[in-house]
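Everything below concerns the one structure shown next.
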Amino acid sequence: MISEGIKHWIRTELFDQVPVSICVIDRDYDIVEANRCFSETFGAWHNHKCYAVYKNLTHHCERCAAAETFADGETRMREELGVSESEGKPTHYLVRTVPLAGEDGAIRYIIEMSADISEMKRLEQEKLTAERLAAVGQTVAGLAHGIKNVIMGLEGGMYVVGSGIRRNNGEKIRQGWRVLEENISRISAFAKEFLDFARGRTPQVSVVDPNRIAQGVIELFREAAAQSGVRLRADLGENIAHAPLDQEGIHTCLANLISNAIDACEMSRKKHRCVVLTTRERDGLLVYEVVDDGCGMEYDVKQKVFTNFFSTKESGKGTGLGLLTTRKIVQEHGGKVSFESAKDEGSVFRLEFPRSRLPEFISENRAEDNNGDRFVHVRADQEDNR
Amino acid sequence: MTRAEDMTVLVVDDEPNVRLFLQTALEDAGFDVVTAADGDEALEIIRSGKPDFISTDLVMPNRSGPRLLYELKRNQELSRIPVLIVTAHAETDMGKSDLEDIMADSVMSGPGVYLEKPVRPAAYVRHIKEALGIELTDEDSDRMSLKEQLEEHMKGASPDAIRKALDALRET
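If you read the sequences in order, they're chains U and H. For the first sequence, my numbering gives the first residue as 9, with consecutive numbering after it. For the second sequence, my numbering gives the first residue as 37, with consecutive numbering after it.
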């Protein structure tokens, strides 16, 4: 049983003791009450508008949680960027707006509670950076391995040509020569991959329609699929908002997956073979999915799909880098690649992008405009679609 | 005296180029050579006519190297065929644990050794000749200086192996 003394303390003191900034605003966005943490964080607030105190703005925010709560009486939780008085640098807040209704049911005030989550944001960012670096590291190790294979090919080709000359065997010389040619073209393929990786290191992010990238890839492969006797179809989700993505990177990923799916269908003996590219969005998760009913993979192969230079395709057809590249690009977007596959039944490859982890799109113009302003950050989801 | 001319070597590798290379090297040394592109094909060949020696890759589609070796091991007669593993994956995630399992398994007569790609033809032929008890010729020597030989060893050695070697030296 809590004593009366403690209850009194909770009623009178708690407001000032919690390490969360709390203020009460009226319908004119004037702050009418605030706790100690709020004063310490944002400074003077008497007779100030909340947006002026939080963000140094002269008008209320574009997407104002308080205005929405005033309108429908629903509690809201939202991430915001503010400027703390003491430190003067942009700070991430998790803001909760709760309506305070009078006896008549009318909402005259709103409580805003803001918890500083900058440290969490920073750690999250660090983790993302670490993941991206790890992806680059794996890739470089993989490329080194690929070069080893090419050297083996060149040495082998040279040996076979030499042997053919020694034994005066024209067929051997031709065979060895072919090996040399093949491995030299492999070197140019690797050089191209190297360049792709180098360029992909900082994704060129712009706010784009995820479905449009999907359509582009479908167009690209329509002819090839038809030639292979494979039906290629897109099943694009509706109401998928634009997202900050590296358009070329995502295009590369989808092209890799669809190319693989068509190859898998070619390796299957089924009569009607089909590849479907699906897009959908749920709970802030953007998903691309490529489904095929091709040859599928058995356990051994499944263990190795993301391993560098592993390919089950006939020689010369795959570099064994496609899925590795795909995973690297997806990781750079804060997303992940997963798959399911059954031998002779087909495979599903899935790219999942949590919107909250997508790279930030900072418009050059907006960042410049705001240089004088202390609020320099433009959230991607508030940016106009362009 | 055993002669290379009387011996048949089965070369298993999913890469046609590697097959061609190893086949040519062995034929130049006098061996009869048959080739297979994966474990399944290898088993068919082995069942129709037992080779005297098997050289196999580790990481291949269909029946990969470890599974081929497992199948051989289950058959008492086949398990006596000496095996040499030629792999590019001795130190990669793909092959390392497989290889360690195989090397630790003493039930089989082979493989006692593995060669890491890229392999030198002379070293490759020498290993197989030694395993089969065939006399080495001048051509089988690598024509490498001691320094080159050392460098060759160092290239293949993992930090782990070097550490173990140093520990062993300290103990003596």
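The beta carbon of each residue, even a glycine, is placed where N, CA and C say it ideally should be. If you're wondering where the values come from, they're calculated on a predicted model, not measured in any experiment.
- Where aspartate 68/H is concerned, there is no enclosing alpha helix (DSSP H), although the beta strand (DSSP E) around it starts and stops at 68-72.
- Annotation for asparagine 268/U: Gly330 place their beta carbon closer than 7 Å to its own, counting only its chain and skipping 5 residues before and after.
- The residues Val40, Arg116 and Tyr117, in chain order, have a CB closer than 7 Å to that of aspartate 34/U in the same chain once the five nearest residues on each side in sequence are set aside.
- Below 8 Å, enough C-beta pairs join the region 290-305 of chain U and the region 341-358 of chain U to call them touching: three or more.
- Residues of chain H with a Cβ closer than 8 Å to the Cβ of valine 187/U are, in chain order, Asn53, Leu56 and Phe57.
- When only Cα atoms are considered, aspartate 203/H and glutamate 166/H end up about 29 Å apart.
- In the same chain as glycine 13/U, and ignoring 5 residues on each side of it, no C-beta atom comes closer than 8 Å to its own.
- For the region 334-358 of chain U, there are no residues whose beta carbon sits under 7 Å from a beta carbon of chain H.
- Assigned with DSSP and collapsed to three states, methionine 85/U falls in strand.
- Residue range 157-168 is occupied by the alpha helix (DSSP H) that includes proline 157/H.
- Taking the Cβ atoms as the reference, threonine 49/U lies roughly 18 Å from alanine 74/U, outside the contact range of under 8 Å.
- In its chain, beyond the 5 residues on either side, Thr99 and His100 have a beta carbon closer than 6 Å to the beta carbon of serine 126/U.
- Here glutamate 348/U has Val356 as same chain residues with Cβ atoms under 6 Å from its own Cβ, once five neighbours each way along the sequence are excluded.
- Here serine 29/U has Cys45, Phe46, Thr49 and Ser122 as same chain residues with Cβ atoms under 6 Å from its own Cβ, once five neighbours each way along the sequence are excluded.
- Boundaries of the alpha helix (DSSP H) harbouring histidine 259/U: 255-274, taken from the DSSP string.
- Membership of cysteine 45/U in the alpha helix (DSSP H) is indicated by the continuous run 44-50.
- In this structure, glutamine 223/U lies away from glycine 257/U, with their beta-carbon atoms at least 9 Å apart.
- Taking the Cα positions, glycine 154/U is about 12 Å away from serine 196/U.
- Contact between valine 91/U and lysine 63/U holds: CB atoms are separated by about 6 Å, below the 8 Å threshold.
- Contact annotation: in the region 69-96 of chain H, residues whose CB is within less than 8 Å of a CB in chain U are Val95.
- Cβ contact annotation for aspartate 217/U (same chain, cutoff 6 Å, sequence separation greater than five): His250, in chain order.
- Closer than 8 Å at the C-beta level to chain H, one finds these residues of the region 156-171 of chain U: Lys156, Asn157, Ile159, Met160, Gly161, Glu163, Gly164, Gly165, Tyr167, Val168 and Ser171.
- Checking the DSSP bridge columns, you'll see aspartate 36/U has no partner listed.
- With a threshold of 9 Å between beta carbons, arginine 156/H makes contact with chain U.
- For glutamate 63/H, the nearest beta carbon of chain U is closer than 9 Å to its own beta carbon.
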